[in-house]
Amino acid sequence: MLLFDSHCHFDFEAFDNDRESLWHACNKRGVRYLIIPGVAPEQWQKADDVARAYNNIYIGVGLHPWWVEKMLAPENIENYLADIKTKLSANISLEKCVAVGECGLDAFIETPMQLQQQVLDVHLQLAQEIAMPLIIHCRKGHNELFVQLSKYNLPAGGVIHAFSGSYELAARYWSMGFRLGIGGTITYERANKTREAVKKLPLESLLLETDAPDMPLQGRQGQRNTPESISDIAHTLAELRYESLEKIATQTTLNSKTLFKIKH
Ligand SMILES: [Zn+2]
């Protein structure tokens, strides 16, 4: 069985002490591919170093909404955006880079939505220019996100990571060329809407992800999450859809490989 973790912060400190043995354990459980999303320019290099140290680990480069204000000199937004765009463009030539992101909108944080939208625009422009898939983070800003996405022609599409929401919401993204990143949320019984959505969506629209070290599965709250739990997420998805684990693993791995244009 081959599994693909399409969103794991494997470069974070939480994995510094046991990254090697953990990746080995993942491989044993079939988790053979992993994407490390970008969160801020300072972190891209380490992400790339980690990716180059292992087979089948790739990266995205982007500025996550949670890092926007930490990075920003407020008097200097325009320069900052130009600078980020240059940095993004320069780094995209990295051998292990397969995506732009993560980037997006988060209505739960204090960073003004308008600033988040400006930063997202830079990423969308770039994804359009170089035809790379996007990794999108969105909490509660779906209407704003639809408006922004529809301004661009995004030939490589992308993934709405950590998707939670209704079938209708998911279907709308899928119709726009975006896949849905499905993670630990579906292991929680209270996540009714999302569980119903993943039962009905075409399997071709779904990617598996852990968002490790965050987003522990049901029953493991307070513990570090790891990419090993992709096999548990696959298991839950198989149960919900009354499909075999093998079918879920094969198709979702193929979906990630197709989206991120990974050939082997
Ligand atoms: Zn993330």
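All letters in the sequence shown, in the order written, are residues 0 to 263 by numbering that gives the first Met the number 0. All residues carry an ideal CB built from backbone N, CA and C; glycine is no exception.
message: By DSSP's criteria, Gln103 is part of a beta bridge. Which residues make up the other side?
response: It should be noted that the sequence gives Gly, not Gln, for residue 103. Answer by DSSP bridge pairing, in chain order: His136.
- prompt: Who are the near neighbours of Ser230 in its chain, counting only those whose CB is closer than 7 Å to its CB and skipping five residues on each side?
  reply: Leu2, Arg28, Gly29, Val30
- prompt: Sorted by chain position, which residues of the same chain lie with C-beta nearer than 6 Å to Leu144's C-beta, five sequence neighbours on each side aside?
  reply: Leu104, Cys137
Segment contact flag, the segment 154-174 with the segment 195-215, C-beta cutoff 8 Å, min 3 pairs: yes
- prompt: Could you give the distance in angstroms between the alpha-carbon of Trp43 and the alpha-carbon of Ala50?
  reply: 10 Å
- request: Tell me, please, which residues DSSP counts as bridged to Ile58.
  value: Ile35, Cys96
Test item: CB-CB of Leu133 and Ala126 under 8 Å: yes
Residues of its chain near His234, where Cβ-Cβ distance is below 7 Å and the 5 sequence neighbours each way are ignored: Leu244
query: Roughly how many angstroms separate the alpha carbons of Gly217 and Thr225, rounded to a whole number?
result: A small fix is needed here, since residue 217 is Gln in this sequence, not Gly. Straight-line Cα distance between these residues: approximately 14 Å.
- prompt: Could you check where the beta strand (DSSP E) with Ile181 kicks off and where it finishes?
  reply: 177-181
- prompt: According to DSSP, what are the bridge partners of Phe11?
  reply: Paired residues: none, contrary to the question.
- prompt: Any heavy atom of ligand 1 closer than 7 Å to the Cβ of Asp10?
  reply: no
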